[in-house]
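Q: Take 1 as the starting number for the sequence shown in full-length UniProt numbering and just add one per residue.
Questions regarding the structure given below will be posed in turn.
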Amino acid sequence: MAKWGEGDPRWIVEERADATNVNNWHWSEKNATPWSLTRLRELLTGFSAEDGPIVITIDEVKKIDGEATANNRKAKLIFLFEWVIEGTFIARISGSDEEYKGKFDIPNLSDENTAEEVDLNTSLDGNGPFAHQIRQVLNKSFVSKVRDALGIYIRELKEEFSKGLILSTDKPKPQVITKGKTTMVDKRQFQNTVIADKDASTSGNEVFSTKEVSVSDTFKATPERVFEAITEIQLVRGWTNGSVQEWTFKEGGNFALFGNNVTGTFEKIEPNKEIIKKWRLKKYPNNHHATIHFTLKDNGSGTDFKITAKDVPTHLAEETQSGLDRYYLSSISRTFGFSQRI
Numbered sequence: 001m002a003k004w005g006e007g008d009p010r011w012i013v014e015e016r017a018d019a020t021n022v023n024n025w026h027w028s029e030k031n032a033t034p035w036s037l038t039r040l041r042e043l044l045t046g047f048s049a050e051d052g053p054i055v056i057t058i059d060e061v062k063k064i065d066g067e068a069t070a071n072n073r074k075a076k077l078i079f080l081f082e083w084v085i086e087g088t089f090i091a092r093i094s095g096s097d098e099e100y101k102g103k104f105d106i107p108n109l110s111d112e113n114t115a116e117e118v119d120l121n122t123s124l125d126g127n128g129p130f131a132h133q134i135r136q137v138l139n140k141s142f143v144s145k146v147r148d149a150l151g152i153y154i155r156e157l158k159e160e161f162s163k164g165l166i167l168s169t170d171k172p173k174p175q176v177i178t179k180g181k182t183t184m185v186d187k188r189q190f191q192n193t194v195i196a197d198k199d200a201s202t203s204g205n206e207v208f209s210t211k212e213v214s215v216s217d218t219f220k221a222t223p224e225r226v227f228e229a230i231t232e233i234q235l236v237r238g239w240t241n242g243s244v245q246e247w248t249f250k251e252g253g254n255f256a257l258f259g260n261n262v263t264g265t266f267e268k269i270e271p272n273k274e275i276i277k278k279w280r281l282k283k284y285p286n287n288h289h290a291t292i293h294f295t296l297k298d299n300g301s302g303t304d305f306k307i308t309a310k311d312v313p314t315h316l317a318e319e320t321q322s323g324l325d326r327y328y329l330s331s332i333s334r335t336f337g338f339s340q341r342i
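Structure follows, in structure tokens:
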């Protein structure tokens, strides 16, 4: 028996730095949103890209919407973030007093994409003698350098902001920081389920439900003009901001857009009326394709344009519908001035 004033070492609870989360087993979370808002604005405000005599400067960051967290589970760090950024830029040409203004938006800065996979959409207001050269710089140097800046944000979030998230233990575990893009993790599922690698490889075919989604708009253009805009590769490059990796427009031909995030095959082509394609997002379950119908109907004063997607994985239906509206309908309308919306 221990002497008075001394404790039996078998029953002494030692002080531990990780006493509230022993061995970092439980999910802990650190809010990275305020830091991210400040850092993203610092990286982008006043940012410039120069190519020859053309200098493009971000004039104002008008909108940064989203959130970010750094999370720890069993000494592994997981970073979840999603941002939509909008702003304006000014392009100047050495030796000229002319200024060109425009807008940009970044719709998918998230843990699901590396910096190189982030989309950057730009639009130049008006035309002028240097407009063509400025658009070339926007599509190359400007996009590349903005992605570099976003890469700095991602690196700093992972390497610097996460410091102190993992508490020290008597037997320290190496801190694991995921690199590149992060697989989206459901917090509740992650807390309660541990999946071994061997189980993942023998889990069989993934079972999921599907549903149908659609988007539509009325364009102030003939069906022939709209059909050209969605099929001719030079025009497709316009509304995808040059992000066309493959485009073989014929029945049985393949396509790949938006950094290979959208791929598929043309199944049926009826000029000026309908296009049917097998279509998939990169994040769809392996080998699964939705069936997309593009239908064009002459209404006498324009074209009713509808995109219907069938067999869309239910858990990705909202994202698919939003993407079809943003990256197809709205982008086509904005690029060619088709919109009838006030």
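A virtual CB, placed ideally from N, CA and C, is assigned to each residue, including glycine.
Hey, would you say I58 sits closer than 8 angstroms to G46, going by beta carbons?
A: Reading the sequence shown from its first residue, position 58 is the one you call residue 58. Reading the sequence shown from its first residue, position 46 is the one you call residue 46. Contact: yes.
Q: So, with DSSP's three-state summary, where would you put Y153?
A: The count along the sequence shown starts at 1 and reaches residue 153 at position 153. DSSP places Y153 in helix when its eight states are reduced to three.
Q: Could you compute how far the alpha carbon of A229 sits from the alpha carbon of G242?
A: By 1-based counting over the sequence shown, the position of residue 229 is 229. By 1-based counting over the sequence shown, the position of residue 242 is 242. A229 and G242: Cα-Cα distance of roughly 14 angstroms.
Q: Should T210 and V312 be called a contact, given that it needs their Cβ atoms to be closer than 8 angstroms?
A: By 1-based counting over the sequence shown, the position of residue 210 is 210. By 1-based counting over the sequence shown, the position of residue 312 is 312. Contact: yes.
Q: Looking only at its own chain, which residues have a Cβ that is under 6 angstroms from the Cβ of D51, when we skip the five neighbours before and after it?
A: If you number the sequence shown from 1, residue 51 lands on position 51. Cβ within range, chain order: V137, S141.
Q: Which whole runs of the beta strand (DSSP E) in the stretch 197-280 are 3 residues long or more, in chain order?
A: Entirely contained in the stretch 197-280, the beta strand (DSSP E) runs reaching 3 residues are, in chain order, 210-219, 244-247, 254-257, 262-270.
Q: Less than 8 angstroms between the beta carbons of N127 and F104, yes or no?
A: What you label residue 127 is simply residue 127 of the sequence shown in a count that begins at 1. What you label residue 104 is simply residue 104 of the sequence shown in a count that begins at 1. In this structure, F104 does not lie closer than 8 angstroms to N127 by Cβ.
Q: Ignore the nearest five residues each way along the sequence and tell me which others in P53's own chain have a CB closer than 6 angstroms to its CB.
A: Within the sequence shown, residue 53 is the residue found at index 53, counting from 1. Within the same chain, P53 has close Cβ partners I93, S94.
Q: For T69, which of helix, strand or coil comes out of DSSP?
A: Position 69 of the sequence shown, counted from the first residue, corresponds to residue 69. T69 falls in the strand class under three-state DSSP.
Q: May I have a chain-ordered list of the alpha helix (DSSP H) segments no shorter than 4 residues that lie completely inside the stretch 36-120?
A: Entirely contained in the stretch 36-120, not one alpha helix (DSSP H) run reaches 4 residues.
Q: Over the uninterrupted alpha helix (DSSP H) stretch that includes H132, give me the two end residues.
A: Counted from its first residue, the sequence shown places residue 132 at position 132. Residues 131-137.
Q: Report back the beta-carbon spacing between A32 and L157 to the nearest angstrom; my notes put them in contact at under 8 angstroms.
A: Position 32 of the sequence shown holds residue 32. Position 157 of the sequence shown holds residue 157. About 6 angstroms separates the two Cβ atoms, so the contact holds.
Q: Assign W331 to one of three DSSP states: helix, strand, or coil.
A: Locating residue 331 in the sequence shown gives position 331, counting from the first residue. Per the sequence shown, residue 331 should be read as Ser rather than Trp. Helix, per DSSP.
Q: Could you give the distance in angstroms between the alpha-carbon of D111 and the alpha-carbon of I154?
A: As a working mapping, residue 111 is identified with position 111 in the sequence shown. As a working mapping, residue 154 is identified with position 154 in the sequence shown. Roughly 9 angstroms separates the two Cα atoms.
Q: Tell me whether K297 sits in a helix, a strand or coil according to DSSP, three-state version.
A: The residue given as residue 297 occupies position 297 in the sequence shown. Strand at K297.
Q: Looking at the structure shown, is A290 part of a helix, part of a strand, or coil, going by DSSP?
A: Within the sequence shown, residue 290 is the residue found at index 290, counting from 1. Reduced to three states, the DSSP call for A290 is strand.
Q: So what does P313 bridge to, in DSSP terms?
A: Position 313 of the sequence shown, counted from the first residue, corresponds to residue 313. DSSP lists T210 as partners of P313.
Q: When burial is assigned at 16 or more other CB atoms within 10 Å of the CB, is N286 buried or exposed?
A: For the purposes of this step, residue 286 is identified with residue 286 of the sequence shown, where counting begins at 1. That one is exposed.
Q: Mapping the DSSP letters down to three states, classify F142 as helix, strand or coil.
A: By one-based count along the sequence shown, residue 142 stands at place 142. DSSP places F142 in helix when its eight states are reduced to three.
Q: CA-CA distance, A131 and E98?
A: One-based indexing of the sequence shown puts residue 131 at position 131. One-based indexing of the sequence shown puts residue 98 at position 98. Roughly 11 angstroms between the two C-alpha positions.
Q: Is the beta carbon of T314 less than 8 angstroms from the beta carbon of F227?
A: Counting from one through the sequence shown, the residue named residue 314 turns up at place 314. Counting from one through the sequence shown, the residue named residue 227 turns up at place 227. No.
Q: Give me, in chain order, the residues of the same chain whose beta-carbon lies closer than 6 angstroms to that of G204; leave out the 5 immediate sequence neighbours on both sides.
A: By one-based count along the sequence shown, residue 204 stands at place 204. Low local confidence applies: a pLDDT of 37 at G204 is under 50, so the model's placement there is unreliable, with the coordinate-based value given in what follows. Closer than 6 angstroms at Cβ, skipping near neighbours: no residue.
Q: Can you find at least 3 beta carbon pairs, one from the stretch 325-341 and one from the stretch 245-252, that sit closer than 8 angstroms?
A: No, the stretch 325-341 does not touch the stretch 245-252.
Q: Should T240 go down as buried or exposed, given a rule of 16 or more other Cβ atoms within 10 Å for buried?
A: Your numbering for residue 240 matches position 240 in the sequence shown. Buried, because 16 or more other Cβ atoms sit within 10 Å of the Cβ of T240.
Q: Would you say G264 and K282 are within 8 angstroms of each other, going by their C-beta atoms?
A: Within the sequence shown, numbered from 1, the residue matching residue 264 stands at position 264. Within the sequence shown, numbered from 1, the residue matching residue 282 stands at position 282. Not closer than 8 angstroms, so no.
Q: Could you check which residue in I233, S36, F294 has the C-alpha nearest to that of V84?
A: The sequence position of residue 84 within the sequence shown is 84, counting from 1. Answer by Cα proximity: S36.
Q: Are the C-beta of W279 and some C-beta of chain C separated by less than 8 angstroms?
A: Included in the structure is just one protein chain, with no chain C present.
Q: Rounded C-beta distance between N299 and T218? I'm assuming under 8 angstroms.
A: Residue numbering aside, residue 299 sits at position 299 when the sequence shown is read from its first letter. Residue numbering aside, residue 218 sits at position 218 when the sequence shown is read from its first letter. Rounded, the Cβ-Cβ distance is 7 angstroms, consistent with contact.
Q: Would you tell me roughly how many angstroms separate the C-alpha atoms of E86 and L296, rounded to the nearest one?
A: Your numbering for residue 86 matches position 86 in the sequence shown. Your numbering for residue 296 matches position 296 in the sequence shown. Each residue's Cα considered, the two are about 31 angstroms apart.
Q: Report buried or exposed for T38, applying the criterion of at least 16 other Cβ atoms within 10 angstroms of its Cβ.
A: The residue given as residue 38 occupies position 38 in the sequence shown. When all chains shown are included, T38 counts as exposed.
Q: Between F79, E319, V244, K220, which has its C-alpha nearest S214's C-alpha?
A: One-based indexing of the sequence shown puts residue 214 at position 214. When each option's Cα is compared against that of S214, the closest is E319.
Q: Is the beta carbon of D125 closer than 8 angstroms to that of F258?
A: Start at 1 with the first residue of the sequence shown, and residue 258 comes out as number 258. Start at 1 with the first residue of the sequence shown, and residue 125 comes out as number 125. Not closer than 8 angstroms, so no.
Q: Among residues of its own chain, excluding the 5 on either side of L324, which ones have a beta-carbon nearer than 6 angstroms to its beta-carbon?
A: Taking the first residue of the sequence shown as 1, we reach residue 324 at position 324. Closer than 6 angstroms at Cβ, skipping near neighbours: V215, I307.
Q: Residues in the same chain with beta-carbon distance under 7 angstroms from V244, minus the five sequence neighbours each way, listed in chain order, please.
A: To locate residue 244, count along the sequence shown from 1; it is residue 244. Cβ within range, chain order: I233, V236, R237, L257.
Q: Less than 8 angstroms between the beta carbons of L40 and I64, yes or no?
A: Here residue 40 is taken as the residue at index 40 of the sequence shown, counted from 1. Here residue 64 is taken as the residue at index 64 of the sequence shown, counted from 1. Yes, Cβ-Cβ distance for L40 and I64 is below 8 angstroms.
Q: Going by DSSP, what residues sit across from E29 in a beta bridge?
A: Taking the sequence shown and counting its residues from 1, the one referred to as residue 29 is at position 29. Paired residue(s): N71.
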